[in-house]
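To start, the structure under review is shown below, and the notes come after it.
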Amino acid sequence: MFSPYPGHSFHSKKGFSLIEILAAISIVSVLFAIILVGMGSMSDKANEAITASRLKQVHAAQMLYAQDHDGIVTPFYGNADSGDNEMTWQRRLFPYVDVADVEGAAEDPESVLNSPYQNMVEGVPYWKRGRSFGLNSYLAHSNWRYNVARVPQPAKIVLAGDKVQGNSDYMNTSDGYSWVGSGSTWGLPAYRHNGKTTAMFVFMDGHTEVLTEEDLELSPETRQSVWRWW
Numbered sequence: 001m002f003s004p005y006p007g008h009s010f011h012s013k014k015g016f017s018l019i020e021i022l023a024a025i026s027i028v029s030v031l032f033a034i035i036l037v038g039m040g041s042m043s044d045k046a047n048e049a050i051t052a053s054r055l056k057q058v059h060a061a062q063m064l065y066a067q068d069h070d071g072i073v074t075p076f077y078g079n080a081d082s083g084d085n086e087m088t089w090q091r092r093l094f095p096y097v098d099v100a101d102v103e104g105a106a107e108d109p110e111s112v113l114n115s116p117y118q119n120m121v122e123g124v125p126y127w128k129r130g131r132s133f134g135l136n137s138y139l140a141h142s143n144w145r146y147n148v149a150r151v152p153q154p155a156k157i158v159l160a161g162d163k164v165q166g167n168s169d170y171m172n173t174s175d176g177y178s179w180v181g182s183g184s185t186w187g188l189p190a191y192r193h194n195g196k197t198t199a200m201f202v203f204m205d206g207h208t209e210v211l212t213e214e215d216l217e218l219s220p221e222t223r224q225s226v227w228r229w230w
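Each residue of the sequence shown is one higher than the one before, starting from 1 at the first, in my numbering.
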């Protein structure tokens, strides 16, 4: 074709083939998936850090409560010898974590008393969604009776942690002594971290750990676990 510009010629440009377009779409999809995985991983790590921070605050509040109550941490509800369901451990800690004593405060997903994974069900008030942190059920055992001083090795015994969201204030244990019914998840530990393989716990000394279901089981050698020392 004649060109008005010496040294230049016009050529029709070849368009992309269907295979090239599909290949490009495939590459973009893979890159997008990688970005989403990366963002999800960062979100999981952020929520893990928030969970650890909140559980440490629960521990600190429990220790402050114990200082004011002769070394006794909060019972699950009522007091150590009664079943007053209205006075839960969360409500007892309100003054120590700067939470207003209002309806639903114990289930507030923004509160240190719950996991950042607290399920938000549209149209359901948060006080009807249950709670996502629970105390170690062995606190009520006669060998413990909520007494901080009775724990021989605080760094080895769980105080509180992630539990399946619901209307329970303590965790049924995973050490072979759980009394939860077969097939039920009521009060069991909730595995929310590391691809839903670990649950976060705060120990009696204040440190936090993410533990697998196997970590929580009864040791066949010592017949002990992170839940109890006897």
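By construction, the Cβ of each residue, glycine as well, lies at the ideal position given by its N, Cα and C atoms.
The beta strand (DSSP E) spanning residue i covers which residue range?
i: F203; result: A199 to F203
i: T208; result: T208 to L211
Who are residue i's beta bridge partners in DSSP?
i: D101; result: Looking at the DSSP assignment, D101 forms no beta bridge with any residue, so it has no partner.
i: A160; result: L135 and V202
i: R228; result: S225
i: Y77; result: T88
i: Y72; result: First, the amino acid is wrong: residue 72 is Ile here, not Tyr. Note: I72 sits in a beta bridge opposite N147.
i: Y191; result: DSSP, once it has assigned bridges, lists no residue as partnering Y191.
i: G130; result: None; G130 has no bridge partner.
i: Y170; result: L135
If you measure between the beta carbons of residue i and residue j, is that distance less than 9 Å?
i: N47; j: P95; result: no
i: T51; j: L135; result: no
i: V112; j: S53; result: yes
i: K156; j: S132; result: no
i: A105; j: R91; result: yes
i: W227; j: S137; result: yes
i: A199; j: L218; result: no
i: V148; j: I72; result: yes
i: M256; j: P154; result: Residue 256 falls outside the range modelled here, since the chain spans only 1 to 230, and no answer is possible.
i: W89; j: V151; result: no
i: W186; j: G166; result: yes
On the premise that residue j lies in contact with residue i, defined as a C-beta separation below 8 Å, what is that separation, rounded to the nearest angstrom?
i: A61; j: V102; result: At roughly 18 Å, the Cβ-Cβ gap does not stay under 8 Å, so A61 and V102 are not in contact.
i: F203; j: L211; result: Not really, about 10 Å apart at Cβ, beyond 8 Å.
i: L55; j: A160; result: 6 Å
i: H59; j: G206; result: 5 Å
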